[in-house]
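Q:
Residue numbers (the numbering used here), protein chains in the order written: chain A, 10 to 367; chain B, 10 to 367.
1) Can you find a CB in chain A that lies within less than 9 Å of the CB of residue 283(B)?
2) Span of the beta strand (DSSP E) holding residue 15(B)?
3) Closest by CA to residue 275(B), which one among 36(B), 151(B) and 203(B)?
4) Going by other Cβ atoms of all chains shown within 10 Å of its Cβ, with 16 needed for buried, is residue 110(A) buried or exposed?
5) Less than 8 Å between the CB of residue 249(A) and some heavy atom of the ligand PLP, yes or no?
6) Residue 153(A) by DSSP, collapsed to three states: which one?
7) Kindly say whether residue 343(A), judged by its beta-carbon, lies nearer than 9 Å to any beta-carbon of chain B.
8) Chain B partners of residue 357(A), CB-CB under 9 Å?
9) Anyone know if the C-beta pair for residue 270(B) and residue 147(B) falls short of 9 Å?
10) Could you name the residues of the same chain whose beta carbon sits closer than 7 Å to that of residue 96(B), not counting the 5 residues immediately before and after it, in chain order?
11) Along chain B, which residues have their Cβ under 9 Å away from the Cβ of residue 362(A)?
12) Per DSSP, what kind of secondary structure is residue 206(B) in: helix, strand or coil?
13) Would you check if the distance between the CB atom of residue 176(A) and the CB atom of residue 272(A) is smaller than 9 Å?
14) Who are the neighbours of residue 338(B) on chain A, taking C-beta pairs under 7 Å?
15) Apart from the five residues on each side of it in sequence, which residues of its chain come closer than 7 Å, Cβ to Cβ, to residue 229(B)?
16) Specify whether the stretch 327–341 of chain B and the stretch 23–34 of chain B touch according to this definition: at least 3 beta carbon pairs, one from each stretch, less than 8 Å apart.
17) Relative to chain A, which residues along the stretch 38–65 of chain B have a C-beta separation below 9 Å, given in chain order?
18) Opposite residue 192(A) in the DSSP bridges: which residues?
19) Which full runs of the alpha helix (DSSP H) of 4+ residues lie inside the stretch 102–156 of chain A, going along the chain?
20) Using a threshold of 9 Å, state whether the C-beta atoms of residue 219(B) and residue 116(B) are closer than that.
21) Going by alpha carbons, who is nearest to residue 265(A) out of 76(A), 182(A), 196(A) and 285(A)?
22) Please report how far the alpha carbon of residue 188(A) lies from the alpha carbon of residue 344(B), in whole angstroms.
23) Among 216(A), 178(A) and 150(A), which has the Cα closest to the Cα of residue 201(A)?
24) Please name the residue, chosen from 169(A), 232(A), 198(A) and 263(A), that lies closest to residue 159(A) on a Cα-to-Cα basis.
25) Under a Cβ-count criterion, where at least 16 other Cβ atoms within 10 Å of its own Cβ denotes burial, should residue 47(A) be classed as buried or exposed?
26) Indicate whether at least one CB of chain A lies closer than 9 Å to the CB of residue 28(B).
27) Rounding to the nearest angstrom, what Cα-Cα distance links residue 53(B) and residue 38(B) in this structure?
28) Can you tell me whether DSSP reads residue 259(A) as helix, strand or coil?
29) At a Cβ threshold of 9 Å, is residue 335(B) touching chain A?
30) Identify the contact partners of residue 366(A) in chain B, using a Cβ-Cβ distance below 7 Å as the criterion.
31) Assign residue 267(B) to one of three DSSP states: helix, strand, or coil.
32) Could you check if residue 161(A) is buried or exposed, using at least 16 other CB atoms within 10 Å of its CB as the buried criterion?
33) From residue 140(A) to residue 76(A), what distance separates their C-alpha atoms?
34) Does the Cβ-Cβ distance between residue 373(A) and residue 68(A) come in under 9 Å?
35) Using a Cβ-Cβ cut-off of less than 8 Å, list which residues of the stretch 154–177 of chain A approach chain B; keep chain order.
36) Using a beta-carbon distance cut-off of less than 8 Å, what residues from the stretch 132–147 of chain A approach chain B?
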């Protein structure tokens, strides 16, 4: 138990949920479904049931350190690993690994995004336990794969070799997001799983993989051995971290390593990657309107996704298939089929009005 | 000058602009076009240029007395004529007339709604002066008629006899709101004018008309002679006013009296009776989107009317011909062509959620 650690990665800034998410309060800090807890808080709550609270670290951009402290008053400052710049998942994981190695040189670590949704918590915790047991015995890089429930084109897939034990299978290949035809083939084959972005490994095994597959990142961050988990860590990281290559752990290590295994997860998972996934996960009325947080009255309207602030009322007449999202000083109305344009819309708003509505 | 008085009628509670207007802040108290002054304040500002401030009275429902004081700090409590219940324009005008008669038995009075828009103030003031001069010489009931600029079906019309002097014509008939065919005929004839709801008369002439055409209302309110403009007025009105018949001045007197004249008004007038009239009066972008108060970005969207709170941003993609109106705790999205349904929608909201969003 004391060897088990968790790194919650919460440094993202995605604009796909703007105006609900903002630069100064991105998705992981939001409470999408009105549960009273943000996605980050929910992630923390889940892991704190099986991992000692002091072994849970939040890796985030420096900008969000105060927000993390505010949302997780139960952790200490030293549990927030502050990235001075955005450098994707590989440098973040290398940094966290060196930091944790300095605390416990035999740590087993779960690495997880801060902003995913888990529906069946008990299944999830059982899966994580299984994974921690596995990596404590086998020097492997374990990833959690989700059995596809539809031919989703929005996720990367993991293909496994046949066989495997303890519901854990050897990985054959990681694949990028497929086109619809390929997604259909993946869905039907049974060998393909959604890449959840949740990883479990021993600290030495992942650092060995960095030495082998991302030696440049490793050399830079290995210079700090002796400084990690000391007052000198921050200065070192501020200097070296920005010089690291911007690369994902999937692309930099998981696609290349030969000791990659996958645990078949069965806990009801969504990366909440876009409004469509939020719509899918929300209860709908008879007109298939989904409402988050606010109150509503729909008249001759269907297939809409509406979210206003808590306690507000949306009255919608004669509208089909739109996203209506209001937060703070912005109201966005956008066709549901065109939500991929939100990113560009945000850029247009920034161009026209500057930072005011970011 | 000292014989000239004005009664601004501001007791309405219309729900056609909900959620922009609310039961506790109806249309006359709102600043539609972001001028910094509400419609009531604008009406007061206009008249105070030609009528002594102390001769301007606001007739309103008791509920709104505080709001009137707040918006017009320059008037005294005694200038607010409080109606204990809603009883349409005839009882309101009779009450105000008796009150003013007690102050000045030879008063000439302009009666005006609080919530109309006047575009050309100098023309307006000149028209009012002309009217006040006329009624000080001739014992007539003068109404202001607006030359129609379109075959509008939303207004009542006044038909005049041929001839007339000083741009003032004798009235042949008042007509209700016409159907589209009739409105076209009215528009083309040249003898028909929009009924602006602004009246000018000597206090004794209008009270004589009450004696003749609405004797029941007159008898009730005439009992208060001797009490008006004294500390006993309030108690008398609270007791008697609710017993008065609910009837409009048009229907009760103007349609029946034989001394009714009309002054042709040329000051750019709108009763702001619905969102369509607000849309017509607002500057539009190249996509014919009209925006009140807030900032906006339209993408593939046209013919919309959007109003959020000051300083907020509306981003609208792929939407045509809607009203998007947000105020305080309510957002309404409704087809522009179906705004006549707002009244029913408000009733539905009240049924579902009670007073919270009224």
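Idealized CB from N, CA, C, for every residue including glycine.
Small disclaimer: the values here were computed from a predicted structure and weren't measured.
A: So, from the listed chains and residues:
1) By this cut-off, residue 283(B) is not an interface position.
2) Boundaries of the beta strand (DSSP E) harbouring residue 15(B): 13–18, taken from the DSSP string.
3) Per the C-alpha coordinates, the member of 36(B), 151(B) and 203(B) positioned closest to residue 275(B) is 203(B).
4) Around the Cβ of residue 110(A), a 10 Å sphere holds 16 or more other Cβ atoms; the residue is buried.
5) Here there are no bound small molecules, and the ligand PLP is not part of this structure.
6) In the structure shown, residue 153(A) sits in a strand (DSSP, three-state: E or B).
7) Taking 9 Å as the CB threshold, residue 343(A) lines the interface with chain B.
8) Result: 306, 308 and 324.
9) Between residue 270(B) and residue 147(B), the CB-CB gap stays under 9 Å.
10) Closer than 7 Å at Cβ, skipping near neighbours: 250, 253 and 255.
11) Ordered by position in chain B, the residues that pass the 9 Å Cβ test against residue 362(A) are 304, 306 and 322.
12) Correct three-state label for residue 206(B): strand.
13) Going by beta carbons, residue 176(A) and residue 272(A) fall inside the 9 Å limit.
14) Residues of chain A passing the Cβ test: 320, 321 and 322.
15) Taken in chain order, the residues that qualify are 249, 252 and 253.
16) In short, these stretches touch, since the Cβ pair count reaches three.
17) So nothing in the stretch comes that close.
18) According to DSSP, residue 192(A) bridges with nothing at all.
19) Within the stretch 102–156 of chain A, the complete alpha helix (DSSP H) runs of at least 4 residues are 130–146.
20) One thing to note: residue 219(B) has its Cβ no nearer than 9 Å to the Cβ of residue 116(B).
21) Here the closest residue by C-alpha is 182(A).
22) Cα to Cα, the separation comes out at about 37 Å.
23) A check of alpha carbon separations from residue 201(A) across 216(A), 178(A) and 150(A) identifies 178(A) as the nearest.
24) Here the closest residue by C-alpha is 198(A).
25) It counts as buried.
26) It does; some Cβ of chain A falls within 9 Å.
27) Cα atoms of residue 53(B) and residue 38(B): separation of roughly 12 Å, rounded to the nearest angstrom.
28) Looking at residue 259(A) - three-state DSSP - the assignment turns out to be helix.
29) Judged by the 9 Å Cβ criterion, residue 335(B) is in contact with chain A.
30) Those within 7 Å of residue 366(A) in chain B are 322.
31) Coil.
32) Only buried fits residue 161(A), as 16 or more other CB atoms lie within 10 angstroms of its CB.
33) Their backbone Cα atoms lie some 30 Å apart in a straight line.
34) Residue 373(A) is absent from the structure shown; chain A starts at 10 and stops at 367.
35) Listed in sequence order: no entries.
36) Cβ contacts with chain B: none found.
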